[in-house]
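Colleague: Taking this note's numbering, I'd label the letters of the sequence shown as residues 1 to 102. Virtual Cβ for every residue (Gly too), placed ideally from N, Cα, C. If you're wondering where the values come from, they're calculated on a predicted model, not measured in any experiment. Once you've had a glance at the structure underneath, I'll fire off some questions.
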Amino acid sequence: SSPRLFCGLYTYRKMRELVRAQALSWGYKCDGFVAFSTETIPELGMVNLQHAGEESYQNMWQKVRAIWSYIHQHYVNDFDYFHLGGDDLYVLVDNMRTMALW
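Structural data, given as structure tokens:
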């Protein structure tokens, strides 16, 4: 069977249009897709996730740490592979799935 792939994004409120574009262009191809943000918009798969410290690029480590903790708590047993990246990327989901089979 095909490996189950979870795709996560880190983002914030001002970039919701990028999240919309990602959800519609490649996010739907993942078996799970969540954008971790500063607001919750269920239609886009966006979840407001609190983390230690301020919401800033200089504090990205705390946000990523909180995201991986959330993923582990909620999804670790549901997927085979996990991918996390920023709101400025494009993922070739089919290629990632093929690589996971090697």
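Is it buried or exposed, Thr11, if we count other Cβ atoms within 10 angstroms and call 16 or more buried?
Modeller: By the neighbour-count rule (16 or more Cβ atoms within 10 Å), Thr11 is buried.
Colleague: Using the beta-carbon count (16 or more within 10 Å), is Gln58 buried or exposed?
Modeller: Burial call: exposed.
Colleague: If you run the structure through DSSP and keep just helix, strand and coil, what is Leu84?
Modeller: The answer is strand: DSSP assigns Leu84 an E or B state.
Colleague: Determine which residues share a DSSP beta bridge with Leu5 and list them.
Modeller: Note: Leu5 sits in a beta bridge opposite Tyr81.
Colleague: With which residues is Met112 paired in a DSSP beta bridge?
Modeller: An answer regarding residue 112 cannot be provided, because it is not within the stretch 1 to 102 covered by the chain.
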